[in-house]
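Trainee:
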Amino acid sequence: MIALIKTIFNQDIIFVLLTISFLLIAMLKSFYWNHAKLLFMGIFAQRYANQYLREENAFTERVSFITFLLMSINISLIILKLVPKTSVLETFSLIVGVMLFFIIKIGLILLLGSIFRVKDIAKLGIFFSLLFDRTFGFLLFPLIILVYFFAFNITPFIMLILAIIFIVLLLLKLFWLWKIGTNAFGLSHFYIFLYLCTLEISPLLLLGKGVVY
């Protein structure tokens, strides 16, 4: 009986989080789609990302904030499927933890930019690093719906699709960061390699280890 109550309680939390995620997507689609489309298209062509950055204003700031929330919630929902939580406190602690993960990453990039006196490059690094994470968070929504509410258990299949999408976006991120760092700013390949290993790859390995173990 206790197990049944916990399962229902957990599903209620999931439903609330999915509703919030849907509302965030609806806001993007209704009020900020022109800017959001530029943001998401930036993963395929740098000119879209550059246009988004040139149009930086209150609207793009709202898009960045909404997509950050969307990314944090949807990634948390995937982790919840792998590591189930049964209480509101545990669930929201996970969401806060995911947010802190990205906030700490942003802080470290800004710190490095301040130390090496390349603050402008650091801001661009943050933008292009989170660009792919935001896009991944946006693409997660329909797959999360299938994972939690499909009539049959298709979790392994959906997780495989998610892994493929994640790997493709990660490779695109590494490619664009490397290309922009070398071609646009003439940074040393060695320093770019250190950055990618330290702030892009290592945190993902640690996060993956924490989720699996």
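With the numbering used here as the guide, the letters of the sequence shown map in order to residues 1 to 213.
Glycine is no exception: its CB is placed at the ideal position from the N, C-alpha and C atoms.
In this text the structure is predicted, and so the values were computed from the model without any measurement.
Exposed or buried, what is Asn57 when buried is set at 16 or more other beta-carbons lying within 10 Å of its beta-carbon?
Mentor: Counted from its first residue, the sequence shown places residue 57 at position 57. Asn57 comes out exposed.
Trainee: Leaving out the 5 sequence neighbours to the left and right, which residues in its chain are closer than 7 angstroms to Leu139 when beta-carbon positions are compared?
Mentor: In the sequence shown, residue 139 corresponds to position 139, counting from 1. So the qualifying residues of the chain are Ile165.
Trainee: Does the distance from the CB of Gly125 to the CB of Ile109 come in under 8 angstroms?
Mentor: Taking the first residue of the sequence shown as position 1, residue 125 is located at position 125. Taking the first residue of the sequence shown as position 1, residue 109 is located at position 109. It is a contact, given that the beta carbons lie within the stated cut-off.
Trainee: On a Cα-Cα basis, can you pick out the residue from Leu162, Gly181 and Leu172 that is closest to Phe40?
Mentor: Counting from 1 along the sequence shown, the entry for residue 40 is found at position 40. Of the listed residues, the one whose Cα sits closest to Phe40 is Leu172.
Trainee: On the three-state DSSP scale, how would you describe Ser87?
Mentor: Locating residue 87 in the sequence shown gives position 87, counting from the first residue. Note: Ser87 maps to coil in three-state DSSP.
Trainee: Helix, strand or coil for Ala151, going by three-state DSSP, please let me know.
Mentor: Along the sequence shown, one-based indexing puts residue 151 at 151. DSSP places Ala151 in coil when its eight states are reduced to three.
Trainee: Assuming Thr60 is part of the alpha helix (DSSP H), what are its boundary residues?
Mentor: Indexing the sequence shown from 1 puts residue 60 at position 60. Ala58 to Leu82 is the span of the alpha helix (DSSP H), which, as asked, contains Thr60.
Trainee: So, is Asp120 buried or exposed, given that buried needs 16 or more other C-beta atoms within 10 angstroms?
Mentor: As a position in the sequence shown, residue 120 is number 120, starting the count at 1. Per the 10 Å Cβ criterion, exposed.
Trainee: Give me the Cβ distance between Thr91 and Leu100, rounded to the nearest whole Å; I'm assuming they're in contact under 8 angstroms.
Mentor: Working through the sequence shown from its first residue, we reach residue 91 at position 91. Working through the sequence shown from its first residue, we reach residue 100 at position 100. No, Thr91 and Leu100 are not in contact; Cβ-Cβ is about 15 angstroms, not under 8 angstroms.
Trainee: Can you name, in chain order, every residue of its own chain whose Cβ lies under 8 angstroms from the Cβ of Gly107, other than the five neighbours on each side?
Mentor: As a first step, residue 107 is located in the sequence shown; it is residue number 107 there, counting from the start. Nothing listed; no residue qualifies.
Trainee: Run the CB neighbour count on Tyr195, radius 10 Å, all protein chains shown included, and call it buried at 16 or more, exposed below.
Mentor: Residue numbering aside, residue 195 sits at position 195 when the sequence shown is read from its first letter. Label assigned to Tyr195: buried.
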